[in-house]
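A.B. asks: Per my numbering, the very first residue in the sequence shown carries number 14; after that it's consecutive. Note that beta-carbon positions come from the ideal geometry of N, C-alpha and C, so glycine has one too. Here the structure is a predicted model, which is why all the values come from computation and not from measurement. Below is the structure I would like to discuss, written out as structure tokens.
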Amino acid sequence: MKILIGYYSESGNTEKIAESIYAELENHDVVLKKITEIPSESLKSYDLIFLGSPVHTGGFPKKFNTFIKEIPEKIDSKIVSFFTYGVPIPDFYDKYEPKISKMAQKKGLDFLGTFKCLGEHRLLHVLEKLNKEAAEKARIVSKGHPNDEDISNAKNFAKEILSKLN
């Protein structure tokens, strides 16, 4: 099975999760790349594709949105998503989980699930202008994430996904 782990990371949080998934799967035929280094036509050569991104208050970053729009239709790949978020309030991130699932469905791809975890918020000064309460909560709760437990959970998630396919 040929596996791709493609990710977009601005602060390093999503990259940490991508690297932990890669570490769990490194005994397989697996490639770890930033999405900016992945030509969309190459995606059809992978059996399993993990796609990772941060989630902002406004959604996924533009580069990630552009990338998922360019995924070819009806390739034989299975899609898995993972993302990090800096605000520990479900209203800020829950609505984005179905976006990848819907994209996969529209393109005729099998979607296998999502892993998400807290990442240390790096732009609290921006968040404070939008929502002071959320910024204070993020400042306290997100510090140090993704932590060892998050990394372990990401590895276990990758292992579970692989077990579904065997």
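1) Among residues of its own chain, excluding the 5 on either side of residue 110, which ones have a beta-carbon nearer than 6 Å to its beta-carbon?
2) Which value, in whole angstroms, describes the spacing of the CA atoms of residue 162 and residue 56?
3) Can you give the Cα-Cα distance for residue 72 and residue 106, rounded to whole angstroms?
4) Quick check on residue 67: does DSSP put it in helix, strand or coil?
5) Report the residue from 53, 34 and 54 whose alpha carbon sits nearest the alpha carbon of residue 45.
6) Which residues mark the beginning and the end of the alpha helix (DSSP H) in which residue 114 is found?
7) Between 160, 123 and 154, which lies nearest to residue 88 when the distance is taken from Cα to Cα?
8) Among 170, 50 and 68, whose alpha-carbon lies nearest the alpha-carbon of residue 80?
9) Measure the Cβ-Cβ separation of residue 92 and residue 48 and say whether it is below 8 Å.
C.D. replies: Reading from the atomic positions:
1) Excluding residues within five positions, the ones whose Cβ falls inside 6 Å are 127.
2) Cα to Cα, the separation comes out at about 31 Å.
3) Near 8 Å, if we compare the C-alpha coordinates of residue 106 and residue 72.
4) The three-state secondary structure of residue 67, taken from DSSP, is strand.
5) That would be 34, whose Cα lies nearest to the Cα of residue 45.
6) From DSSP, the alpha helix (DSSP H) with residue 114 extends over 110-119.
7) Looking from the CA of residue 88, the closest CA among 160, 123 and 154 belongs to 123.
8) For residue 80, the nearest C-alpha among the options comes from 50.
9) No.
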